[in-house]
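Just below is one structure, and these are the notes that go with it.
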Amino acid sequence: MPTISFSLSDLNKLLGKRLDKDKLEKLLPCAKAELEDVEGDDISVSFNDTNCPYLWSVEGLARLFKGVLNVSTGLYSIKVSKSGFKVVVDRKLSKIRPFISCFIAKGKKVDDYLLKQIIQLQEKLADSFGRRRKKVSIGVYPSKKIEFPVSYKAVSPSLRFVPLGCHEELSLAEILKVHPKGKEFAHILESFSEYPVLMDSKKNVLSFAPVINSELTGKLDVGDDELFFDATGTDEDSVYLVANIFAAALADRGFKIESLVMEYPSKRIVSPTLAVRRLKVNSDFVNRVVGSDFGERELKGLLERMRYGYSKGVVVIPFYRGDIMHPVDIAEDAAISFGYDNFGALSLSSYTVGKPLPEVHFIDSSRLLWVGLGYQEVLSAILSNKDLLYDKLNVSDFGTVEIENVMSHTYSCVRSWLLPVLLDVLSKNRHVDYPQRVFEEGLVSVRKGDSVVDERHLSAVSAHASASFTEIKQAVGFVLAALGVDFVVEEFEMGCFVPGRAAKIVVGKKQVGFFGEVHPSVLENFGLLVPVVGCEINLSLVLEYKSKK
Amino acid sequence: MNIKKLAESLHPFERRVLPLISKYRFLSDLASASGLKEVEVMRALQWLQNKKAVEVFTEPEEFVDLDSNGRKYVKVGLPERRFLEVLKKGEEIPVSKLAEKSGLNKDEVNVCLGLLRQKGAILLLKKDSKFVVKITEKGLKLLSSEFPEEKFLKGVFPRDVASLSKDERSVFDLLKKRKKMLVVDVKRIKSAKLTSLGKKLVDLGVKDETIVDSLTPEILRSGDWKKKNFRRYDVTINVPKFFGGKLQSYRYFLDWVRSKFVALGFQEMNGPIVESDFWDMDALFMPQFHSARDIHDAYYVKRPKFADIPSSLIKKVKAAHESGANTGSIGWRYSFDVEQTKRCLLRTQGTACSARMIGSGKLEIPGKYFGITRSFRYDVIDATHLPDFYQTEGFVVEEGLSLRHLIGLLRMFAKEFADADEIRIVPGYFPFTEPSAELFAKHSKLGWVELGGAGIFRPEVVKPLLGKHVSIIAWGMGIDRIGMFKLGLTDIRQLFSHDLTFLREERLV
Numbered sequence: 002m003p004t005i006s007f008s009l010s011d012l013n014k015l016l017g018k019r020l021d022k023d024k025l026e027k028l029l030p031c032a033k034a035e036l037e038d039v040e041g042d043d044i045s046v047s048f049n050d051t052n053c054p055y056l057w058s059v060e061g062l063a064r065l066f067k068g069v070l071n072v073s074t075g076l077y078s079i080k081v082s083k084s085g086f087k088v089v090v091d092r093k094l095s096k097i098r099p100f101i102s103c104f105i106a107k108g109k110k111v112d113d114y115l116l117k118q119i120i121q122l123q124e125k126l127a128d129s130f131g132r133r134r135k136k137v138s139i140g141v142y143p144s145k146k147i148e149f150p151v152s153y154k155a156v157s158p159s160l161r162f163v164p165l166g167c168h169e170e171l172s173l174a175e176i177l178k179v180h181p182k183g184k185e186f187a188h189i190l191e192s193f194s195e196y197p198v199l200m201d202s203k204k205n206v207l208s209f210a211p212v213i214n215s216e217l218t219g220k221l222d223v224g225d226d227e228l229f230f231d232a233t234g235t236d237e238d239s240v241y242l243v244a245n246i247f248a249a250a251l252a253d254r255g256f257k258i259e260s261l262v263m264e265y266p267s268k269r270i271v272s273p274t275l276a277v278r279r280l281k282v283n284s285d286f287v288n289r290v291v292g293s294d295f296g297e298r299e300l301k302g303l304l305e306r307m308r309y310g311y312s313k314g315v316v317v318i319p320f321y322r323g324d325i326m327h328p329v330d331i332a333e334d335a336a337i338s339f340g341y342d343n344f345g346a347l348s349l350s351s352y353t354v355g356k357p358l359p360e361v362h363f364i365d366s367s368r369l370l371w372v373g374l375g376y377q378e379v380l381s382a383i384l385s386n387k388d389l390l391y392d393k394l395n396v397s398d399f400g401t402v403e404i405e406n407v408m409s410h411t412y413s414c415v416r417s418w419l420l421p422v423l424l425d426v427l428s429k430n431r432h433v434d435y436p437q438r439v440f441e442e443g444l445v446s447v448r449k450g451d452s453v454v455d456e457r458h459l460s461a462v463s464a465h466a467s468a469s470f471t472e473i474k475q476a477v478g479f480v481l482a483a484l485g486v487d488f489v490v491e492e493f494e495m496g497c498f499v500p501g502r503a504a505k506i507v508v509g510k511k512q513v514g515f516f517g518e519v520h521p522s523v524l525e526n527f528g529l530l531v532p533v534v535g536c537e538i539n540l541s542l543v544l545e546y547k548s549k550k
Numbered sequence: 367m368n369i370k371k372l373a374e375s376l377h378p379f380e381r382r383v384l385p386l387i388s389k390y391r392f393l394s395d396l397a398s399a400s401g402l403k404e405v406e407v408m409r410a411l412q413w414l415q416n417k418k419a420v421e422v423f424t425e426p427e428e429f430v431d432l433d434s435n436g437r438k439y440v441k442v443g444l445p446e447r448r449f450l451e452v453l454k455k456g457e458e459i460p461v462s463k464l465a466e467k468s469g470l471n472k473d474e475v476n477v478c479l480g481l482l483r484q485k486g487a488i489l490l491l492k493k494d495s496k497f498v499v500k501i502t503e504k505g506l507k508l509l510s511s512e513f514p515e516e517k518f519l520k521g522v523f524p525r526d527v528a529s530l531s532k533d534e535r536s537v538f539d540l541l542k543k544r545k546k547m548l549v550v551d552v553k554r555i556k557s558a559k560l561t562s563l564g565k566k567l568v569d570l571g572v573k574d575e576t577i578v579d580s581l582t583p584e585i586l587r588s589g590d591w592k593k594k595n596f597r598r599y600d601v602t603i604n605v606p607k608f609f610g611g612k613l614q615s616y617r618y619f620l621d622w623v624r625s626k627f628v629a630l631g632f633q634e635m636n637g638p639i640v641e642s643d644f645w646d647m648d649a650l651f652m653p654q655f656h657s658a659r660d661i662h663d664a665y666y667v668k669r670p671k672f673a674d675i676p677s678s679l680i681k682k683v684k685a686a687h688e689s690g691a692n693t694g695s696i697g698w699r700y701s702f703d704v705e706q707t708k709r710c711l712l713r714t715q716g717t718a719c720s721a722r723m724i725g726s727g728k729l730e731i732p733g734k735y736f737g738i739t740r741s742f743r744y745d746v747i748d749a750t751h752l753p754d755f756y757q758t759e760g761f762v763v764e765e766g767l768s769l770r771h772l773i774g775l776l777r778m779f780a781k782e783f784a785d786a787d788e789i790r791i792v793p794g795y796f797p798f799t800e801p802s803a804e805l806f807a808k809h810s811k812l813g814w815v816e817l818g819g820a821g822i823f824r825p826e827v828v829k830p831l832l833g834k835h836v837s838i839i840a841w842g843m844g845i846d847r848i849g850m851f852k853l854g855l856t857d858i859r860q861l862f863s864h865d866l867t868f869l870r871e872e873r874l875v
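Those protein sequence lines, which keep their order, are chains A and B.
What the first sequence shows, in my numbering, is residues 2 to 550, in sequence order.
What the second sequence shows, in my numbering, is residues 367 to 875, in sequence order.
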């Protein structure tokens with residue numbers, strides 16, 4: 002979730018209205034935003050909507066609030082004059098980073114606060130919306146240092162310039178190897194033999210996209226009053242949208258925006274595009290989605306407060322919004338404009354039959370029987386690790402779902418059985434009064450080749466000085482009989498049990514579980530100094546057999 | 367309590383000890399007189415003290431015992447007697463010969479000289495510049511009977527100093543001064559004294575024979591109990607803690623959640639733990655470049671790498687992503703990766719189960735569905751995050767559902783599951799719903815707390831999976847958090863605790 006910081010007095014200045022902290026907090030939901038932090042005049046706000054980047058600036062927020070508060074409603078637009086300059090786009094970029102959108106902003110001095118706001122918006126747009134600069138990245142430069150026209154071209158990695166904040170020239174290849182930003186973003190360019198740069202007519206490098214600006218022309222300072230902006234990227238709509246959002250933000254600050262021509266090999270685009278889209282939406286549709294009874298006039302009013310244009314079933318979407326895909330998006334904005342709190346709730350009217358999953362009754366019955374035997378139920382993580390599941394139990398891997406991008410070894414696979422988890426519980430409670438009797442019922446996943454089966458298992462262990470094979474056999478016998486399961490017991494060998502003191506539970510010729518006396522070497526692995534007996538039953542298999550019968 | 371009831375409530379130990387207290391003060395004496403162990407007497411005394419029938423004291427007491435000389439003299443006789451025996455015939459015996467004749471050592475001889483002169487039992491005379499000793503009449507008389515010191519030393523030791531008679535006390539004082547004769551020790555001694563209530567109880571009679579203590583098969587068989595009263599127990603007394611078998615509290619809460627949903631007409635659905643990108647995200651119209659789809663947010667699986675997904679479904683979902691296809695949308699406008707969509711991962715959201723149900727071909731319309739599912743996220747563990755947690759989610763499908771039904775549904779959930787009257791419903795964002803809303807409830811201690819989110823499934827979700835559009839309200843609740851509220855817990859890790867003491871003592875409801 003993107004988070005931005007700004008000063009409340011700045012917001013109020015942009016808004017032309019005085020909001021205090023409480024009023025702001027009440028207004029934020031219409032931007033799907035929440036107040037994160039307030040410290041005097043400093044506000045920080047986070048946004049739930051990851052697809053609405055124009056809001057990630059105080060200017061964008063003020064623009065929406067102006068509509069909602071009826072300060073200024075209707076379709077938002079800005080005045081743009083032609084700069085007469087152009088940016089020439091190299092054909093060779095079509096496979097590398099084909100799209101670019103630039104503009105010039107003039108007439109306001111950049112102060113310390115504004116510089117921070119510009120950097121903040123640049124970062125939010127490039128990091129969150131621009132997929133960590135892969136899809137879109139942004140450069141801002143003091144325009145007076147640039148000799149137009151600018152060319153955007155693919156060049157050899159051997160080209161040299163002084164990167165921002167450095168004192169000596171480095172080649173593009175060196176930047177990717179040694180410069181911190183170069184190392185951070187090298188992966189974006191790793192499959193290419195030529196790299197994108199912006200260069201002015203004196204062959205001075207403005208920036209190495211999407212990595213870093215140059216020290217010579219790419220350093221924006223307090224006091225600068227003419228800015229050159231570029232967005233480059235791999236997705237055409239997103240590149241233009243980002244430039245539009247930035248142009249609107251600077252225009253709201255009082256900058257005059259000047260356009261440039263983006264001269265592609267096969268087309269010319271005037272940038273910023275400021276392109277609006279039209280979408281057919283009428284009050285019938287909105288009313289159906291929302292449950293409202295808005296008339297056309299009311300709908301028009303609601304949408305204009307969200308800064309749309311509306312006329313006779315057609316919505317005009319402002320140029321800084323790329324998130325509108327479907328008329329339902331417009332319906333939601335109409336509802337937000339009206340206020341969710343202002344709708345009366347409707348109850349559901351259809352009759353439906355409720356039911357749990359078919360296995361639930363059987364599973365819950367088994368749990369209750371173990372409780373009746375004096376066992377404490379536990380609930381554990383499904384994620385586990387192979388040391389616990391196999392090594393500590395003297396058992397070899399019988400099919401495990403393993404995680405590829407492991408974060409911690411403890412949680413590096415999905416559990417395939419439950420007995421190890423319960424022994425782990427015992428080992429964590431060595432200081433607690435005995436007897437200790439615990440059980441768990443839950444999901445395990447067993448992998449067979451490339452298929453995975455989720456099974457419901459139940460395991461129980463009993464630990465105390467006189468725990469015996471008889472005890473666990475009695476318990477298993479009692480539970481299965483009460484569940485109406487006919488079973489036989491057969492000899493069984495498994496690394497975790499004492500040889501000759503383990504048995505398998507067979508139902509209809511199929512093994513559905515086992516029980517026995519835990520081997521002292523396993524107890525040693527868990528640091529246990531008390532005899533333990535335990536069982537594990539595959540309830541899914543038992544239930545399958547029962548329902549066949 | 368009246369005295370009769372009190373008498374009936376006495377434990378057999380109390381019955382045996384109580385009448386003895388008027389005769390014996392000390393714990394050890396009471397033990398030997400009653401035939402009980404000291405610990406049993408002590409328990410009886412404590413219970414009696416709780417009943418205000420006795421007072422129990424712990425006092426420092428002096429005890430006197432024989433020291434090495436004292437023990438020796440009990441065997442061989444006191445030195446002064448042996449000294450006088452030598453003089454018995456009335457001879458004058460030089461001091462220098464006394465040791466040899468009496469078998470005493472020099473020290474003893476000196477002690478005897480001083481002591482017996484003081485008593486006037488001997489005379490010390492100077493003859494021919496030598497000292498000689500002679501017995502007196504008084505001395506002869508003394509010798510003929512038992513010395514008070516001898517009588518004292520013959521007693522039973524150790525003795526309580528406080529219990530000595532006046533005469534004994536003066537002998538004790540004398541002997542105490544002599545070398546290694548007696549040793550005095552201070553012990554902390556428990557003693558008991560009857561209170562007036564105790565005396566009344568004794569007078570009333572607390573004989574064992576009139577009372578049934580533990581009911582035994584023998585007593586039942588003989589019918590003895592018919593002639594007796596039952597001992598009354600002190601039912602307020604603390605007993606050792608006992609832990610029976612118990613369901614795990616959070617799991618039990620989830621059982622309750624399930625039964626609640628069933629009662630509200632919802633049917634349960636589920637899905638596999640190992641999901642594919644397709645069902646977990648793509649079918650839910652989350653673009654493949656969405657930030658929640660990073661390797662830093664989901665656990666991808668080593669094997670199987672790819673899942674089997676019907677290619678006809680992939681085609682429809684791909685078209686919705688790329689261009690909106692026939693849904694009325696312009697889509698996300700990017701090139702959909704048909705290999706990536708099959709990639710296996712651990713389910714990151716229970717909503718995957720909803721997608722499967724809608725695409726199953728078995729969807730009932732109208733219908734209500736819910737799931738209580740484990741989901742997995744690449745998260746660092748702390749008091750509010752686990753990589754492995756529960757979600758509840760589901761949907762309501764019916765022609766003509768709107769945002770106002772959604773608001774009604776959320777209000778009902780807040781009331782039914784969190785007992786919350788004061789709630790707030792605000793706009794929300796989920797890639798798969800539009801309009802979307804978030805539900806907050808006022809918690810008495812924590813203020814406004816997010817309970818869950820909801821929305822109307824986007825046409826881009828419904829149409830590719832179902833083949834037609836119908837309004838579906840989807841919702842999800844952070845059930846872990848609601849469970850924590852209900853159980854009074856503050857740390858999410860407690861929901862999955864392995865601490866047996868905590869599990870045994872935790873409340874179930």
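Ideal Cβ placement from N, Cα and C applies to all residues, glycine included.
Just so it is clear, the structure is predicted and the values come from calculations on it, not from any experiment.
- Contacts with chain A at 8 Å (Cβ-Cβ) include residue 636 of chain B.
- For residue 69 of chain A, there are no C-beta contacts with chain B under 7 Å, since the nearest C-beta of that chain is about 12 Å from it.
- Taking a contact as a CB-CB distance under 8 Å, the pair residue 422 of chain A and residue 416 of chain A counts as one, their CB atoms being some 6 Å apart.
- Spanning the alpha carbons of residue 316 of chain A and residue 241 of chain A requires a straight line of approximately 21 Å.
- Around residue 476 of chain A, the same chain offers 374 as residues with beta carbons nearer than 6 Å, after the five sequence neighbours per side are excluded.
- Relative to residue 750 of chain B, the option among B:641, B:499, B:858, B:478 whose CA is nearest is B:858.
- The beta carbon of residue 160 of chain A is closer than 6 Å to those of 173 in its chain, skipping five residues each way along the sequence.
- By the C-beta criterion, the segment 486-494 of chain A is judged not to be in contact with the segment 387-404 of chain B, since fewer than 3 inter-stretch pairs fall below 8 Å.
- Within the same chain, and ignoring the five residues on either side of residue 848 of chain B in sequence, the residues whose Cβ sits closer than 7 Å to its Cβ are 783, 784, 817.
- Counting only the Cα atoms, residue 594 of chain B lies some 15 Å from residue 372 of chain B.
- In the three-state reduction of the DSSP assignment, residue 756 of chain B falls in the strand class.
- Neighbourhood of residue 31 of chain A in chain B, by CB distance below 8 Å: 793, in chain order.
- Take residue 16 of chain A, set aside five residues on each side of it, and the residues of its chain with a beta-carbon closer than 7 Å to its own are 63, 66, 67, 72, in chain order.
- At a cut-off of 8 Å between beta-carbon atoms, residue 375 of chain A makes contact with chain B.
- Our two residues, residue 447 of chain A and residue 738 of chain B, have alpha carbons roughly 21 Å apart in a direct line.
- Rounded to the nearest whole angstrom, the C-alpha separation of residue 304 of chain A and residue 813 of chain B is 33 Å.
- Non-local beta-carbon contacts of residue 385 of chain B in its own chain, meaning distances under 8 Å to residues more than five positions away in sequence, involve 568, 572 in chain order.
- Pairing residue 230 of chain A with residue 20 of chain A, the inter-Cα distance amounts to about 32 Å.
- Less than 8 Å divides the Cβ of residue 825 of chain B from the Cβ of residue 329 of chain A.
- Judged by their CB atoms, residue 137 of chain A and residue 126 of chain A are nearer to each other than the 8 Å cut-off.
- Annotated three-state conformation of residue 345 of chain A is coil, per DSSP.
- Residue 250 of chain A and residue 263 of chain A have their C-alpha atoms roughly 21 Å apart.
- In this structure, the beta-carbon distance from residue 78 of chain A to residue 140 of chain A does not fall below 8 Å.
- Distances from the alpha-carbon of residue 692 of chain B to those of B:746, B:834, B:582 put B:834 closest.
- At least one CB atom of chain B sits nearer than 8 Å to the CB of residue 404 of chain A.
- Residue B:413 holds the alpha-carbon nearest to the alpha-carbon of residue 604 of chain B among B:704, B:449, B:413, B:796.
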